[in-house]
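**Student:** Position 85, counted from 1, in the sequence shown is what our numbering calls 85; the numbers after and before it change by one each time, with no gaps. We treat Cβ as the ideally placed atom computed from N, Cα and C, and that holds for glycine. Note that the coordinates shown come from a computational prediction; the quantities given were computed from them, not determined experimentally.
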Amino acid sequence: MEQNRSSFSGKLGFVLAAAGSAVGLGNIWRFPYLAAKYGGGIFLLVYIALAVTFGFALALTEIAIGRKTKLSPIGAFSSLNKKFSFIGILGSIVPIIILPYYSVIGGWVTKYFVGFVSGNASLMAGDSYFGDFIGSTGEPVWYFLIFIGLTALIVLLGVDKGIEKVSKIMMPALILLILIITGYSLFTLDGAWEGVVYYITPDFSKFSVMTVVAAMGQLFYSMSIAMGIMVTFGSYLKKDVSIEKSVYQIEFFDMGVAFLSALMIVPAVFAFSGGNEEAMSQKGAGLMFETLPKIFDTMPGGNIIGAIFFVMVFFAAITSSISLMETVVSTITDKFKLNRTLSCLVVFLGSAAIGLVSAFGYSIWADVKVLGMQFLDLFDFASNSVLMPIGAFATSIFVGYVLKPKSIIAEVEGLDENGKPYHTFRAKKMYSIIIKYIAPVCILLILISSVLDALGIVKI
Ligand code: PFF
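#1: Are the beta-carbon atoms of residue 331 and residue 172 separated by less than 8 Å?
#2: Spatial neighbours of residue 1 within its chain, please: C-beta separation below 6 Å, excluding the five flanking residues on both sides.
#3: Taking C-beta to C-beta, are residue 148 and residue 352 nearer than 8 Å?
#4: In three-state DSSP terms, what is residue 2?
#5: In terms of residues, what are the limits of the alpha helix (DSSP H) holding residue 456?
#6: Per DSSP, residue 421 is paired with what?
#7: Could you tell me the alpha carbon to alpha carbon distance between residue 135 and residue 199, rounded to whole angstroms?
#8: Measuring alpha carbon to alpha carbon, tell me which of 194, 80 and 323 ends up nearest residue 276.
#9: Does the ligand PFF have a heavy atom nearer than 7 Å to the CB of residue 33?
#10: Just to confirm the assignment: which complete beta strand (DSSP E) runs, minimum length 3, are found wholly within the region 255-314?
#11: Between residue 230 and residue 411, is the Cβ-Cβ spacing less than 8 Å?
#12: Going by DSSP in three states, residue 40 sits in which element: helix, strand or coil?
#13: Give the straight-line distance between the Cα atoms of residue 350 and residue 365, rounded to the nearest whole angstrom.
#14: Tell me the start and end of each unbroken alpha helix (DSSP H) in the region 39-124 that is at least 4 residues and wholly inside, in chain order.
#15: Just to confirm the assignment, what range does the alpha helix (DSSP H) spanning residue 350 have?
#16: Give the DSSP bridge partners of residue 202, in chain order.
#17: What number of angstroms, rounded off, separates the C-alpha of residue 404 from the C-alpha of residue 225?
#18: Less than 7 Å separating the Cβ of residue 121 from some heavy atom of the ligand PFF?
#19: Would you check whether the ligand PFF has a heavy atom nearer than 7 Å to the C-beta of residue 227?
#20: Compare the Cα-Cα distances from residue 377 to each of 23, 20, 38 and 104 and report the closest residue.
#21: Identify whether residue 241 lies in helix, strand or coil by the three-state DSSP scheme.
#22: Determine which residues share a DSSP beta bridge with residue 370 and list them.
#23: In chain order, what residues of the same chain have a beta carbon less than 7 Å from the beta carbon of residue 454, not counting five sequence neighbours either side?
#24: Could you pull out every residue in the same chain whose Cβ sits closer than 6 Å to the Cβ of residue 354, ignoring the five residues on either side in sequence?
#25: For residue 22, verify whether its CB is less than 7 Å away from any heavy atom of the ligand ATP.
#26: Using the Cβ count rule (16 or more neighbours within 10 Å means buried), how would you classify residue 426?
#27: How many angstroms separate the CA atom of residue 244 from the CA atom of residue 191?
#28: Tell me whether residue 97 counts as near the ligand PFF, meaning its Cβ is closer than 7 Å to at least one heavy atom of that ligand.
#29: Measure how close the beta-carbons of residue 196 and residue 186 come, nearest whole angstrom, since I'm counting them as under 8 Å.
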């Protein structure tokens, strides 16, 4: 199987594909809201500090496990230790849950892009437009199917000709587009610069343990940790690529886009609402599909800016959804020895069926609630707040105490034909300490707080 396994053509393809997975809706709609809520600059600093320590150690571990075993998550963990194969199973379930609902939102993004391109900015800025749209049974489903169909087509093309090629085009384009919109909104909106000051200045009065917990939860989701993705991508990685450097580069992308998204959104919302801090409290879908269209509608050339914004979000979303689908396809291909075409078809049909549940959760099944949540929120909660932290906790215990950090360090360093390390792993001491002692504690903190948040006991 090893000889037939696909691979990235080189380091750039891998880094951009992994960055494509990391950079997604989470960077654009969640990070800005959290930064505004948790004290701006102080949240940024905490996020960066966690990314280069805790996030770094977990992402590096998964990529190394993938490259060492050359297998997708289930096979990877069971080949290392049969007793811990459940980690691989957890890691494979998470993308199966996320892909369908993520693609439903991807469908909404596609719809808004089409709307702005066709010159309907004022219509889309209407008060009940978004609610009416997701509450209908036709369009959201069609756009969802288009989005997931495109995702399947890209995955079908294979690792180097599909994911890698698409990421090499979309990721640089995304950066360019986000710079254009940020620049345009900062220079055209009155009061935007005060918003920049509001966003960047650290507000220590908003710092608490919840700042750290919120930053940690965001980091997890954003870096696609404990979802089997980094293991799968690592399995396509050649030995001559430095995992350590690659992880720093992926994180640089992830933090850069999160920072720029907030620089684009926080000052715009701040200026639009006349400096009202409460305006930022609308998170997620409300911010992206209600507040921002209203802001675009007031700008000169709003149709164009709106279209550029949604094409940028589309790139961010589809590069994440292809990473999710690739992981599921890879798992099925390895496990059932199916070819890529058949696996893609199975995953496409399965995800389309599961996604309909989320799509209908706002229309015909709007009254059905489980644990007080709509289907989409329930899937989000089960994957991000419960399964992911459990998987990451188990991974850190497994690597820290059973497999031992030295085994990961050996994979990161690699050995050439003379038995000499291929790469120097500069942060290896820090890595061992984090994976053994710091990561398990931090992850438990995330798990407890996100369950308490979902139960309404604390609010993140
Ligand atoms: N990291 C992506 C984001 O921030 O939106 C989302 C994501 C991608 C989540 C891939 C999960 C995943 F497996």
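**Tutor:** In brief:
#1: On the sequence shown, position 331 is the one that residue 331 refers to. On the sequence shown, position 172 is the one that residue 172 refers to. The Cβ atoms of residue 331 and residue 172 lie no closer than 8 Å to each other.
#2: Translated into the one-based positions of the sequence shown, residue 1 becomes position 1. Reliability of the predicted coordinates at residue 1 is poor, the pLDDT of 43 falling under 50, and the value obtained from them is presented with this limitation in mind. So no residue of the chain qualifies.
#3: Position 148 of the sequence shown, counting from 1, holds the residue named residue 148. Position 352 of the sequence shown, counting from 1, holds the residue named residue 352. Yes, the Cβ-Cβ distance between residue 148 and residue 352 is below 8 Å.
#4: The count along the sequence shown starts at 1 and reaches residue 2 at position 2. At residue 2, the pLDDT of 45 sits below 50, so the modelled position is not reliable; the number obtained from the coordinates is stated separately. Coil, per DSSP.
#5: The sequence position of residue 456 within the sequence shown is 456, counting from 1. No alpha helix (DSSP H) contains residue 456, which DSSP labels as neither H nor E.
#6: As a first step, residue 421 is located in the sequence shown; it is residue number 421 there, counting from the start. DSSP lists 415 as partners of residue 421.
#7: If you number the sequence shown from 1, residue 135 lands on position 135. If you number the sequence shown from 1, residue 199 lands on position 199. Rounded to the nearest angstrom, the two C-alpha atoms are 34 Å apart.
#8: Counted from its first residue, the sequence shown places residue 276 at position 276. When each option's Cα is compared against that of residue 276, the closest is 194.
#9: In the sequence shown, counting from the first residue as 1, residue 33 sits at position 33. Flag unset: Cβ of residue 33 not near the ligand PFF.
#10: Counting whole runs of 3 or more residues, the region 255-314 contains no beta strand (DSSP E) stretch at all.
#11: As a first step, residue 230 is located in the sequence shown; it is residue number 230 there, counting from the start. As a first step, residue 411 is located in the sequence shown; it is residue number 411 there, counting from the start. One thing to note: residue 230 has its Cβ no nearer than 8 Å to the Cβ of residue 411.
#12: Indexing the sequence shown from 1 puts residue 40 at position 40. In this structure, residue 40 counts as strand in the three-state DSSP scheme.
#13: Taking the first residue of the sequence shown as 1, we reach residue 350 at position 350. Taking the first residue of the sequence shown as 1, we reach residue 365 at position 365. C-alpha separation (whole angstroms): 20 Å.
#14: Qualifying alpha helix (DSSP H) stretches, in chain order: 41-50, 56-69, 73-80, 85-117 and 121-124.
#15: By 1-based counting over the sequence shown, the position of residue 350 is 350. Looking at the DSSP string, the run of the alpha helix (DSSP H) that includes residue 350 is 340-360.
#16: The count along the sequence shown starts at 1 and reaches residue 202 at position 202. 40.
#17: Taking the sequence shown and counting its residues from 1, the one referred to as residue 404 is at position 404. Taking the sequence shown and counting its residues from 1, the one referred to as residue 225 is at position 225. Approximately 19 Å between the Cα atoms of the pair.
#18: Translated into positions along the sequence shown, residue 121 becomes position 121. Annotation for residue 121 indicates a beta carbon at 7 Å or more from all heavy atoms of the ligand PFF.
#19: Residue mapping note: residue 227 aligns to position 227 of the sequence shown, counting from 1. Under cutoff, so the answer is yes.
#20: Residue 377 sits at position 377 when you count from the first residue of the sequence shown. In terms of Cα proximity to residue 377, the closest of 23, 20, 38 and 104 is 104.
#21: Here residue 241 refers to the residue found at position 241 when the sequence shown is read from its first residue. Note: residue 241 maps to coil in three-state DSSP.
#22: Here the question's residue 370 lines up with position 370 in the sequence shown. Paired residue(s): 373.
#23: Position 454 of the sequence shown, counting from 1, holds the residue named residue 454. Counting only Cβ-Cβ distances below 7 Å, and skipping sequence neighbours, we find 381 and 385.
#24: Position 354 of the sequence shown, counted from the first residue, corresponds to residue 354. Around residue 354: 100.
#25: Only the ligand PFF can be found as ligands here, which leaves the ligand ATP out of the picture.
#26: In the sequence shown, residue 426 corresponds to position 426, counting from 1. That one is exposed.
#27: As a position in the sequence shown, residue 244 is number 244, starting the count at 1. As a position in the sequence shown, residue 191 is number 191, starting the count at 1. Here the alpha carbons of residue 191 and residue 244 stand approximately 42 Å from one another.
#28: On the sequence shown, position 97 is the one that residue 97 refers to. No, since every heavy atom of the ligand PFF falls outside the 7 Å radius drawn around the Cβ of residue 97.
#29: Translated into positions along the sequence shown, residue 196 becomes position 196. Translated into positions along the sequence shown, residue 186 becomes position 186. The distance from the Cβ of residue 196 to that of residue 186 is about 7 Å, consistent with a contact at the 8 Å cut-off.
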